[in-house]
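> This is the structure I have questions about; it appears just below.
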Ligand SMILES: C[S@@+](CC[C@H](N)C(=O)[O-])C[C@H]1O[C@@H](n2cnc3c(N)ncnc32)[C@H](O)[C@@H]1O
C-alpha cells in the first residue's frame, strides 16, 4: 500500500512502500522480464521498468481494471515492452502462457489495496465516506459483495471473519450488533456499518490510534476478495514461474499474510528449491513511516529460485 494523491490533471499517483529495498531484492537484470503481480498505480512498476531498461519486458497484473488504466498512463512512454492485464496473480502460469513467456527474472507482490481504491467511495472499501458496501477488487468477475456477507452470514461466521482477518478483540460484540441491526433493516452502506461498529464498542476503545471500524472493514475486504486463498496459491504459482536465479519479493500488511509467506519460503528453502534473501522481514524506516503511515505495518520478504 502507499499514499495516493491526485494531480490537477486528475491523474492519481502513489508512493510505493519500501521501493529501494524492493528493487535491491529483486535485482532485475537489464533487458530482463519481470512481473508486477499487484500493479496498482504502478509506483513500484515504474522503478522496475527503469531497472529493466529499454530492452526489458514488464508485465503488470491487477484484479482491478480501474487501476490498470491509471498505470498505463505512467508506463506507456518508457520504451520497453509493457503488457498490462487484468487478472489474479494466483493464475500467473496461465497469464504468462497467454503471452508466450515461459519464465521470468523477478516478481513483485505488494498485497492489499491501494489508496486509489480506498479513496473511491463507490468501491465501498472505506468508512471515511459513505458508499455501497461492495469491496470487490474485480466487480466483473466477483459476485459476492461485502453487503451479502454482512446481511446473510451466521453470527458465529461473522465473528470468526472479524476476529481472524481483522484481529479485532471485540469481534463477538460487533457480530452480535450487526445481526441485531440487520433484523430491523438491511445493512447497505459503509456509513451504516461503521455506525453499528462504533456503537458496539466500549467507549474507551474509540480513542485509539486507528478508527474503530478499521479492523472490521479490513476483515470484510479480505473475506470478499478471498485474499489469503489467492496468496497461498499465488506463492506456489509465482515461484514456479521464476527462472533459475529469479527472485520473488512479497510485501504484506497482515500477520496472516506474512505467516503464509514465511512458511512457504521456509519450505522452499528446506526442499533446496530456493534461498531466502531476508532472514527477518524488512520493515519501513521511521522516516518512511512518518511520510507514509500505511508503510508502518509492511513486511517485506524475498526468495531466490535455485532449483
Ligand atoms: C497495495 S496496491 C499495489 C500498489 C503498487 N505497488 C504501487 O506502487 O502503485 C495492491 C494492488 O494489488 C491488487 N491486487 C490485490 N490482490 C491481487 C491479486 N490476487 N491479483 C492481482 N492483483 C491483486 C489490488 O487491486 C491493488 O491494486
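In this note's numbering, the protein residues as written are 782 to 1088. Even for Gly, the Cβ is constructed at its ideal location relative to N, Cα and C.
Taking the beta carbon of residue 1058 as the centre, do at least 16 other beta carbons fall within 10 Å, making it buried, or is it exposed?
Translated into the one-based positions of the chain shown, residue 1058 becomes position 277. Buried is the call here.
> To the nearest angstrom, report how far apart residue 1085 and residue 846 are at their CA atoms.
Walking along the chain shown from the start, residue 1085 turns up at place 304. Walking along the chain shown from the start, residue 846 turns up at place 65. So the two alpha carbons sit approximately 30 Å from each other.
> Between the alpha carbons of residue 873 and residue 900, how many angstroms are there, rounded?
In the chain shown, counting from the first residue as 1, residue 873 sits at position 92. In the chain shown, counting from the first residue as 1, residue 900 sits at position 119. Straight-line Cα distance between these residues: approximately 28 Å.
> Say yes only if the C-beta of residue 900 is nearer than 7 Å to one or more non-hydrogen atoms of ligand 1, and no if none qualify.
The sequence position of residue 900 within the chain shown is 119, counting from 1. It does not: the Cβ of residue 900 is nowhere closer than 7 Å to a heavy atom of ligand 1.
> Going straight from the alpha carbon of residue 790 to that of residue 858, what length do you get?
Within the chain shown, numbered from 1, the residue matching residue 790 stands at position 9. Within the chain shown, numbered from 1, the residue matching residue 858 stands at position 77. Residue confidence is low: residue 790 scores 48 on pLDDT, short of 50, so the model does not pin down where it sits. Its coordinate-derived value is still stated next. Near 17 Å, if we compare the C-alpha coordinates of residue 858 and residue 790.
> Going along the chain, which residues of its own chain have a beta-carbon closer than 8 Å to the beta-carbon of residue 1079, five neighbours each way excluded?
Residue numbering aside, residue 1079 sits at position 298 when the chain shown is read from its first letter. Answer for residue 1079: 782, 798, 799, 1032, 1033, 1034, 1064, 1065, listed in chain order.
> Return helix, strand or coil for residue 859, following the three-state DSSP convention.
If you number the chain shown from 1, residue 859 lands on position 78. Here residue 859 sits in coil by DSSP.
> Identify the residues that DSSP records as bridge partners of residue 1025: which are they?
In the chain shown, counting from the first residue as 1, residue 1025 sits at position 244. In DSSP, residue 1025 forms no bridge with anything.
> Give the DSSP bridge partners of residue 867, in chain order.
The sequence position of residue 867 within the chain shown is 86, counting from 1. DSSP output for residue 867 lists 843 as bridge partner(s).
> Figure out for me which residue from 959, 982, 898, 1023 has the closest Cα to the Cα of residue 814.
Stepping through the chain shown from its first residue, residue 814 is reached at position 33. For the residues 959, 982, 898, 1023, the minimum Cα distance to residue 814 belongs to 1023.
> Can you have a look at residue 785 and say buried or exposed, based on whether 16 or more other CB atoms are within 10 angstroms of its CB?
Position 4 of the chain shown, counted from the start, is the residue given in the question as residue 785. In this predicted model, residue 785 has a pLDDT of only 44, less than 50, meaning its place in the structure is not dependable; the value taken from the coordinates is given anyway. When all chains shown are included, residue 785 counts as buried.
> Touching or not, the region 983-997 and the region 836-851, by the rule of three or more beta carbon pairs under 8 Å?
No: fewer than three Cβ pairs fall under 8 Å.
> Considering only their Cβ atoms, is the gap separating residue 1040 from residue 1062 smaller than 8 Å?
For the purposes of this step, residue 1062 is taken as the residue at position 281 of the chain shown. For the purposes of this step, residue 1040 is taken as the residue at position 259 of the chain shown. Taking 8 Å as the Cβ cut-off, residue 1062 and residue 1040 do not qualify as a contacting pair.
> Can you give me the C-alpha to C-alpha distance between residue 907 and residue 1001, rounded to a whole angstrom?
The residue given as residue 907 occupies position 126 in the chain shown. The residue given as residue 1001 occupies position 220 in the chain shown. Distance between the alpha carbons of residue 907 and residue 1001: 11 Å.
> Using the three-state DSSP reduction, which class does residue 1056 fall into: helix, strand or coil?
Residue numbering aside, residue 1056 sits at position 275 when the chain shown is read from its first letter. It is a strand residue.
> Under the criterion of a Cβ to heavy atom distance below 7 Å, does residue 815 qualify as lining ligand 1?
For this step, residue 815 is matched to residue 34 along the chain shown. No.
> If I'm right that residue 861 touches residue 886 with Cβ under 8 Å, what's the distance once you round it to whole angstroms?
Here residue 861 refers to the residue found at position 80 of the chain shown. Here residue 886 refers to the residue found at position 105 of the chain shown. Residue 861 to residue 886, Cβ: 13 Å. No contact.
> Alpha carbon to alpha carbon, what distance is there between residue 803 and residue 812?
Locating residue 812 in the chain shown gives position 31, counting from the first residue. Locating residue 803 in the chain shown gives position 22, counting from the first residue. Each residue's Cα considered, the two are about 18 Å apart.
> Could you give the DSSP three-state label for residue 887: helix, strand or coil?
Here residue 887 refers to the residue found at position 106 when the chain shown is read from its first residue. Three-state DSSP puts residue 887 in a strand.
> Just to confirm the assignment, what range does the beta strand (DSSP E) spanning residue 1083 have?
Residue mapping note: residue 1083 aligns to position 302 of the chain shown, counting from 1. 1080-1086 is the extent of the beta strand (DSSP E) around residue 1083.
> Does residue 1063 come out as helix, strand or coil in the three-state DSSP assignment?
Within the chain shown, residue 1063 is the residue found at index 282, counting from 1. Residue state, collapsed to three classes: strand.
> In this structure, how does DSSP classify residue 817 when only helix, strand and coil are distinguished?
Here the question's residue 817 lines up with position 36 in the chain shown. Three-state result, residue 817: strand.
> Would you check if the region 1009-1017 and the region 928-937 touch, i.e. whether three or more CB-CB distances between them fall below 8 Å?
Output reads no: the region 1009-1017 does not touch the region 928-937.
> Looking only at C-alpha atoms, which of 903, 891, 833 sits nearest to residue 822?
Here residue 822 refers to the residue found at position 41 of the chain shown. Ranking the options by Cα distance to residue 822, first place goes to 891.
> Which residue comes first and which comes last in the alpha helix (DSSP H) that contains residue 825?
Numbered from its first residue, the chain shown carries residue 825 at position 44. 824-833 is the extent of the alpha helix (DSSP H) around residue 825.
> Nearer than 7 Å: is that true of the beta carbon of residue 825 relative to any heavy atom of ligand 1?
For this step, residue 825 is matched to residue 44 along the chain shown. For ligand 1, at least one heavy atom lies less than 7 Å from the Cβ of residue 825.
> Spell out a yes or no on whether the region 969-981 and the region 950-959 are touching, meaning 3 or more CB-CB pairs, one atom from each, closer than 8 Å.
These segments touch.
> Could you check what DSSP says for residue 796 in three-state terms: helix, strand or coil?
Walking along the chain shown from the start, residue 796 turns up at place 15. Residue state, collapsed to three classes: strand.
> One question on the structure: do residue 893 and residue 971 come within less than 8 Å of each other, judged by their Cβ atoms?
Taking the chain shown and counting its residues from 1, one reaches residue 893 at position 112. Taking the chain shown and counting its residues from 1, one reaches residue 971 at position 190. Their beta carbons are not under 8 Å apart, which means residue 893 does not touch residue 971 by this criterion.
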